[in-house]
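Chemist: Below are the structure tokens for one structure; questions will follow.
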Amino acid sequence: MAEVIQLGSPIKLESGQEVTEITITDTMKQVGALRGLKLYDVMTSDVDSLIKLLPRVTSPRMTERDVIQLPIPALNALATGVANFLVPNSPQETTDSADE
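For the sequence shown, the UniProt record's numbering gives the first residue as 1, with consecutive numbering after it.
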């Protein structure tokens, strides 16, 4: 499910649009969004990896330049949103009828 990230203050994108929230889209669930990136780098919020990744998975679409110009708190919020997509689903509870 897409995740909406509220920004602390409005930012102006290269397109001229001023936004107060950015959505990390469901594209983030697809392996193709990570092409050319190391999963470990994305998981550890490597800035260079986020600069490449965020334009692929955000709405409104950000450019690499937009990401580079983000205030640090906004980048941190987006990095947290990306990390939430990478958290594995909780294991399903299983019952072993042989133990009963």
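Every residue gets a Cβ at the ideal spot worked out from N, C-alpha and C, and that includes glycine.
(1) With DSSP as the reference, identify every bridge partner of Lys12, one or two as the case may be.
(2) Is it right to say Lys38 is buried, meaning 16 or more other beta carbons lie within 10 angstroms of its own, or is it exposed?
(3) How big is the Cα-Cα spacing for Val82 and Gly32?
(4) Quick check: what's the CA-CA separation for residue 104 versus Asp26?
(5) Please name the residue in Met28, Ser9, Thr44 whose C-alpha comes closest to that of Ser59.
Modeler: Judging by the given coordinates:
(1) Glu18
(2) exposed
(3) 14 Å
(4) One cannot answer for residue 104 here, as it falls past the ends of the chain, which runs 1 to 100.
(5) Met28
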